[in-house]
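Enquirer:
Protein chains: 2
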Amino acid sequence: MTFEVLDKDLAGRIGKLRTRRGIIETPYLFPVINPFDTTITVGDIEKLGFNAFITNILHVRRAMQEYGVTDVHELLSFPGPIMTDSGAYQLLVYGHVDITPDEVIVLQEKCGSDIAVILDFPTGETPYSEASYRVNETLKRAKALWSIRTDETILWVGPVQGAPYIDLVKYCAEELSTLNFDIYAIGSPTTIMESYNYEVLVDIIFAAKKTLPLGKPVHLFGAGHPMMLSLAVALGCDLFDSASYILYAKESRYMAHDGTYKLQDLEYFPCSCPVCSRYTPQEVSEMADGKVKLLALHNLYMLGSEIRRIKQAIKEGTLWGYVSLRLRSHPRLFSVFSKFKKYSFFLERLDPVTKPSISGLFFYGYHDSFNPKVVRHFKKLKNCLHHLRWNVLVLLPRKDEALSSSFIKKLMEKIRNEIRGFENIKFLFYDFPFCLIPLELEGVYPLSQYEVPSKIDMLTKRYVSIKISELLSILRPRSIVLYNDLKRWGKHIEAACRKSCDNIKVLHTKEPYELRDLEVLLLLLKEIAGQ
Amino acid sequence: MTFEVLDKDLAGRIGKLRTRRGIIETPYLFPVINPFDTTITVGDIEKLGFNAFITNILHVRRAMQEYGVTDVHELLSFPGPIMTDSGAYQLLVYGHVDITPDEVIVLQEKCGSDIAVILDFPTGETPYSEASYRVNETLKRAKALWSIRTDETILWVGPVQGAPYIDLVKYCAEELSTLNFDIYAIGSPTTIMESYNYEVLVDIIFAAKKTLPLGKPVHLFGAGHPMMLSLAVALGCDLFDSASYILYAKESRYMAHDGTYKLQDLEYFPCSCPVCSRYTPQEVSEMADGKVKLLALHNLYMLGSEIRRIKQAIKEGTLWGYVSLRLRSHPRLFSVFSKFKKYSFFLERLDPVTKPSISGLFFYGYHDSFNPKVVRHFKKLKNCLHHLRWNVLVLLPRKDEALSSSFIKKLMEKIRNEIRGFENIKFLFYDFPFCLIPLELEGVYPLSQYEVPSKIDMLTKRYVSIKISELLSILRPRSIVLYNDLKRWGKHIEAACRKSCDNIKVLHTKEPYELRDLEVLLLLLKEIAGQ
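Residue numbers (the working numbering), protein chains in the order written: chain P, 17 to 547; chain A, 17 to 547.
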């Protein structure tokens, strides 16, 4: 098996990609190497923990023609996995490239590339008809590969083109899926990202991911900025490449988790990497020689640690929270939340159901209601509620367990002793973001361990209220006893109850689970039971 | 001048604190040094860029008694600024300390401390009456200092006690303000922070800062976690100390920007520091010898880079955005937003009015309406609107300048040519978060450069609508022409207009500033002008 998934969160995953020259752990970002630029060498970058590189086949051809070097591993002085890119980016930028699709295949085999890309035809920003032509041309070239190639140990990449036209992306992904590529790629979203058009980027990735075989790794071309890597991983991208670490450095630009700085605008380095811990921005600015290399190294440290941060989040099952944070790097990136709302059902299907509970989940407000783990709870609850009927529901506020559990235990004991037909009483917690949690599910992940702020904003309250009334309209209880946490929820929960049930008793409290409320609740239950 | 403020943002500042052994640039965090623990030395930590340290006077006394070392600089092998702590923390934790307040003063002078703290009496979690007694005891000791001390080159710290009782904090700060301490401190909030009670912490800092002289630096004792440093700085704290870097390391705990990990829960190091770039968590775990030191170094790299990150944000005027991000480290920290709402007017007074516009401001939603820069705009607008009257207001959606400015220029030209009394027409942009922006102020910081998401949530729309109707009720225009961006705002702006004016003409659009709307707007204006 070429690609093995070790862990998952949302549509993101940690995986092992086996190449003939070693394993690449994904998500992985290939540093782009220009063998004719000696500012920074493969050896320098290896020390940072990168163990696979990408270079352009046009560089390789030049090395063959001008220097007689035929082996890409010799060219980069690196024995591990090397990916070669096909020149499609040059095709996009310059409109032409003086190499044929067939030559690109032959040359990549000849130079010993471990991961090779066909010469696809990027759609870039062309009109629909031209984009459609280029998709078909890309597919033609993809099909031709199988009759030309001779070496079956190379991993071949099939790039999905068609962006920004979603139907073309889908069509291209569908057709490519029938060809057995080892890796799929999403074609140059560079122009889209340069204009910060992240909403369109998300649409494209979703369209491709929904169509491509899930077992294959997906490469997102040209997406090498720490502020959007976690988003791309969360949507199911496994591989990335970045020339920006060096291109930025040459323009004195400095990558940060949440954006890019001009070196001259930095008074302090906001980073702990070896470069930033040792020098000040002023010192680096004034280095005639070392400046570009130091900035490139910083950019690579940043990218490397960002990938590790994302992997750790996948391990923990907290990728949603991390992506949410990174989306706050820029308002245009934040706009992507509306897409999460749209695609939450797709993400829910891919997101793993259980996770080792290293850390609890954190929820902050309305936007977290699109978290697939929340969407799943709601879906499950809706499904199971359809089959159940209770006469009486008791809705309780969720508070820290120590406080509520002994109260509830006592309450249930009293009910068992004093109320006939108690089996027909159902206890549910109400809370954000899960809305309703049956008492018996409280210990189950992710309901067992989560934290919410002490105050909840109005939009979030309204969301919970709407969702609860939706669930209650399925349950159709004869009566409801609401233990209403007035301080936290105001009248929002009560309103939801009144919408779906006529017979309601409410006990308002500002400090839930004080013992004096026990008898009052029991009384309300007795009244409702007509006892 | 002992303390010089170089730059400001919110209530935070970058400053120079002059000690007799060198300058400390604030915000600064003093690593706590235990001279009897050789796991990590002052020399190790200096290399990370820390240039001032703190140690406990009880350690110094032990060194004097047991080893005959009388000089704290000799004891720590460090010639730069050293602060000594008074043993008050031990008093808090153990209930007693075998040293008198007078001895503490004498000893700190004798050992050559550069920054010294009186032996205050921390209130911790005591009942009110006991806390009140301790505040008075602290004040007695503070007053006694001035008759005991002999060396005027030492900077003395006056700790504000009384927490969590706000009136006691205020009283203590008031009394201490009359004594001319070089530095003020906020007494041990450790217990409050351990229980994640950040809302109370903010109340305490505000109470102290509002009362203490603004020109003096403020030290927040025992607050050494990267996830809350930016918050404390934003509220006006300048100095910090941290023993946690080493205490955590000894418990195999690892600091991150947004929390603390157990080493065993880390599969990947989410950081770019020299330790995390070189080793894996597994490798560090298995080092019998180096583990604690490497973790301590990582923790210090983390703290150092966090301080630099905060300083850079102050320089840029983007501290609000950075704090907002860090508040999303934990829902309990996020709860602090409600305090920002409460104290926004205080923050507005301290926040600088102009800033070099290195980068624009980013706004994401409702919570950003508490940003002092937003609060200030609203306050100013309200004040100036009181003096002005226009017959007709034209409300325009804010869109990227290139698009809107030529449209508006053409519109105004037509109005000038075709409508009599055009001087009595006022143009305003509506937008989040500034609500209304007079056309002529559009180029003024911070209105000139800001970004908002493409979609705005309902809570934020409601906020804007409420604020606009508040402003309109001051302006009381005879009529309003609303150019309504329906896609972005729905009916929210229209509703705000209708609340405060009877004569309204609305042109709905989904793509504002298309040329075809020009004539329609002109027509509406003519109708309203009765021409």
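The beta-carbon is built from N, C-alpha and C at its ideal position, and this holds for glycine as well. Since we're looking at a predicted model, the values are computed, not measured.
Taking Cβ to Cβ, would you say glycine 376/A is nearer than 8 Å to tyrosine 466/A?
Expert: Mapped onto the second sequence, residue 376/A falls at position 360. Mapped onto the second sequence, residue 466/A falls at position 450. Yes.
Enquirer: Would you list, in chain order, the members of the region 17 to 39 of chain A that have their beta-carbon closer than 8 Å to a beta-carbon of chain P?
Expert: Listed in sequence order: no entries.
Enquirer: Curious, which full-length beta strand (DSSP E) runs of at least 3 residues does the region 187 to 255 of chain A contain?
Expert: Complete beta strand (DSSP E) runs here, min 3: 199 to 202, 234 to 236.
Enquirer: Please decide whether phenylalanine 356/P counts as near chain A, where near means a Cβ-Cβ distance under 8 Å.
Expert: Taking the first residue of the first sequence as 1, we reach residue 356/P at position 340. By this cut-off, phenylalanine 356/P is not an interface position.
Enquirer: Report the neighbours of methionine 209/A on chain P: residues whose CB is nearer than 7 Å to its CB, in chain order.
Expert: Numbered from its first residue, the second sequence carries residue 209/A at position 193. Ordered by position in chain P, no residue passes the 7 Å Cβ test against methionine 209/A, which lies about 16 Å from the chain.
Enquirer: Alpha carbon to alpha carbon, what distance is there between arginine 405/P and leucine 455/P?
Expert: Taking the first sequence and counting its residues from 1, the one referred to as residue 455/P is at position 439. Taking the first sequence and counting its residues from 1, the one referred to as residue 405/P is at position 389. Approximately 16 Å between the Cα atoms of the pair.
Enquirer: Please report how far the alpha carbon of threonine 349/P lies from the alpha carbon of serine 470/A, in whole angstroms.
Expert: Taking the first sequence and counting its residues from 1, one reaches residue 349/P at position 333. Taking the second sequence and counting its residues from 1, one reaches residue 470/A at position 454. The sequence as given places leucine at residue 349/P; threonine does not occur at that position. Straight-line Cα distance between these residues: approximately 9 Å.
Enquirer: With a 10 Å radius around its C-beta and 16 neighbouring C-beta atoms as the bar for buried, classify glutamate 510/A as buried or exposed.
Expert: Numbered from 1 along the second sequence, position 494 holds the residue referred to as residue 510/A. Buried: at least 16 other Cβ atoms inside 10 Å.
Enquirer: Less than 8 Å between the C-beta atoms of leucine 247/A and arginine 324/A, yes or no?
Expert: If you number the second sequence from 1, residue 247/A lands on position 231. If you number the second sequence from 1, residue 324/A lands on position 308. Against a cut-off of 8 Å, the Cβ pair of arginine 324/A and leucine 247/A comes out as no contact.
Enquirer: State buried or exposed for threonine 169/P, treating a residue as buried only when at least 16 other CB atoms are found within 10 Å of its CB.
Expert: In the first sequence, the residue the question calls residue 169/P occupies position 153. Per the 10 Å Cβ criterion, exposed.
Enquirer: Would you list, in sequence order, the uninterrupted alpha helix (DSSP H) runs of no fewer than 4 residues that lie entirely inside the region 31 to 86 of chain P?
Expert: The qualifying runs are 58 to 62, 73 to 78.
Enquirer: Looking at the secondary structure, which residues open and close the beta strand (DSSP E) in which asparagine 433/P lies?
Expert: Taking the first residue of the first sequence as position 1, residue 433/P is located at position 417. Segment 417 to 434 is the alpha helix (DSSP H) holding asparagine 433/P; no beta strand (DSSP E) there.
Enquirer: In whole angstroms, give me the CA-to-CA distance for phenylalanine 14/P and threonine 54/P.
Expert: With chain P covering only 17 through 547, there is no way to say anything about residue 14/P.
Enquirer: With DSSP as the reference, identify every bridge partner of alanine 259/A, one or two as the case may be.
Expert: Residue mapping note: residue 259/A aligns to position 243 of the second sequence, counting from 1. Beta-bridge pairing links alanine 259/A to no other residue.
Enquirer: DSSP on serine 464/A, reduced to helix/strand/coil?
Expert: Within the second sequence, the letter at position 448 stands for residue 464/A. Of the three classes helix, strand and coil, the one that applies to serine 464/A here is coil, per DSSP.
Enquirer: Rounded to the nearest angstrom, how far is the Cβ of cysteine 517/P from that of isoleucine 496/P, given a contact under 8 Å?
Expert: As a working mapping, residue 517/P is identified with position 501 in the first sequence. As a working mapping, residue 496/P is identified with position 480 in the first sequence. Their Cβ separation, rounded to whole angstroms, is 5 Å, which keeps cysteine 517/P and isoleucine 496/P in contact under 8 Å.
Enquirer: Show which residues of chain P have a CB atom less than 8 Å away from the CB atom of glycine 65/A.
Expert: Counted from its first residue, the second sequence places residue 65/A at position 49. Those within 8 Å of glycine 65/A in chain P are Ser293.
Enquirer: How would you list, in chain order, the residues of chain A whose beta-carbon sits under 7 Å from the beta-carbon of proline 290/P?
Expert: Sequence index remark: in the first sequence, residue 290/P carries index 274 (1-based). Residues of chain A passing the Cβ test: Pro290, Ser293.
Enquirer: What are the complete alpha helix (DSSP H) segments, minimum 4 residues, inside the region 489 to 519 of chain P?
Expert: With a minimum length of 4 residues, the continuous alpha helix (DSSP H) runs that stay inside the region 489 to 519 of chain P are 502 to 505, 508 to 516.
Enquirer: Which residues mark the beginning and the end of the alpha helix (DSSP H) in which isoleucine 121/A is found?
Expert: Here residue 121/A refers to the residue found at position 105 of the second sequence. Start and end: 117 to 126.
Enquirer: Apply the 10 Å Cβ neighbour rule to proline 43/P and answer buried if 16 or more other Cβ atoms are within range, or exposed otherwise.
Expert: Indexing the first sequence from 1 puts residue 43/P at position 27. That one is buried.
Enquirer: Pick from Phe445/A, Arg34/A, Glu215/A: whose alpha carbon is nearest that of isoleucine 98/A?
Expert: Residue mapping note: residue 98/A aligns to position 82 of the second sequence, counting from 1. Checking every option, the nearest Cα to that of isoleucine 98/A belongs to Arg34/A.
Enquirer: Measuring alpha carbon to alpha carbon, tell me which residue in Lys426/A, Leu457/A, Ile424/A, Phe423/A is nearest proline 396/A.
Expert: As a working mapping, residue 396/A is identified with position 380 in the second sequence. Looking at the sequence shown, residue 396/A is not proline but lysine. The shortest C-alpha separation from lysine 396/A is found at Leu457/A.
Enquirer: Would a C-beta distance cut-off of 8 Å place threonine 206/P and glutamine 177/P closer than the cut-off?
Expert: Along the first sequence, read from residue 1 onward, the residue named residue 206/P stands at position 190. Along the first sequence, read from residue 1 onward, the residue named residue 177/P stands at position 161. Cβ distance not < 8 Å, so threonine 206/P and glutamine 177/P don't count as in contact.
Enquirer: Would you call aspartate 130/P buried or exposed, if buried means 16 or more other Cβ atoms sit within 10 Å of its Cβ?
Expert: As a first step, residue 130/P must be located in the first sequence, where it is residue number 114. Aspartate 130/P comes out buried.
Enquirer: For the region 257 to 270 of chain P, enumerate the residues whose C-beta is nearer than 8 Å to any C-beta of chain A, in chain order.
Expert: For the region 257 to 270 of chain P, which is checked against every Cβ of chain A, not one residue is closer than 8 Å.
Enquirer: Would you report the Cα separation of serine 260/P and isoleucine 221/P, rounded to the nearest angstrom?
Expert: Residue mapping note: residue 260/P aligns to position 244 of the first sequence, counting from 1. Residue mapping note: residue 221/P aligns to position 205 of the first sequence, counting from 1. Whole-angstrom Cα-Cα distance: 21 Å.
Enquirer: So, helix, strand or coil for proline 175/A, using DSSP?
Expert: Taking the first residue of the second sequence as position 1, residue 175/A is located at position 159. Residue state, collapsed to three classes: strand.
Enquirer: By the criterion of Cβ-Cβ separation under 9 Å, what are the contact partners of arginine 532/P in chain A?
Expert: Against the first sequence, residue 532/P aligns to sequence position 516. The contacting residues do not exist; arginine 532/P stays about 24 Å from chain A at best.
Enquirer: Output needed for lysine 483/P: all residues of its chain with C-beta closer than 6 Å, excluding positions within five of it in sequence on either side, in chain order.
Expert: Reading the first sequence from its first residue, position 467 is the one you call residue 483/P. Here the set comprises Cys451.
Enquirer: Short of 9 Å Cβ to Cβ, which residues in the region 467 to 497 of chain A face chain P?
Expert: Residues Glu467, Val468, Pro469, Ser470, Lys471, Asp473, Met474, Leu475, Thr476, Arg478.
Enquirer: Below 8 Å between beta carbons is the criterion; list the residues of the region 309 to 326 of chain P that meet it against any residue of chain A, in chain order.
Expert: Flagged, chain order: Tyr317, Met318, Gly320, Ser321, Arg324, Arg325.
Enquirer: On a Cα-Cα basis, can you pick out the residue from Lys309/P, Tyr277/P, Gln328/P that is closest to proline 551/A?
Expert: Nothing about residue 551/A can be reported from this structure: the residues present for chain A run from 17 to 547 only.
Enquirer: Spell out a yes or no on whether the region 18 to 27 of chain A and the region 525 to 538 of chain P are touching, meaning 3 or more CB-CB pairs, one atom from each, closer than 8 Å.
Expert: Taking 8 Å as the limit for Cβ pairs, the verdict is that the region 525 to 538 of chain P does not touch the region 18 to 27 of chain A.
Enquirer: Between the region 193 to 223 of chain A and chain P, which residues of the former have a C-beta closer than 8 Å to a C-beta of the latter?
Expert: Per Cβ criterion, the list reads Glu215.
Enquirer: With alanine 160/A as the anchor, note down where its alpha helix (DSSP H) starts and where it stops.
Expert: As a first step, residue 160/A must be located in the second sequence, where it is residue number 144. Counting along the chain, the alpha helix (DSSP H) containing alanine 160/A begins and ends at 144 to 164.
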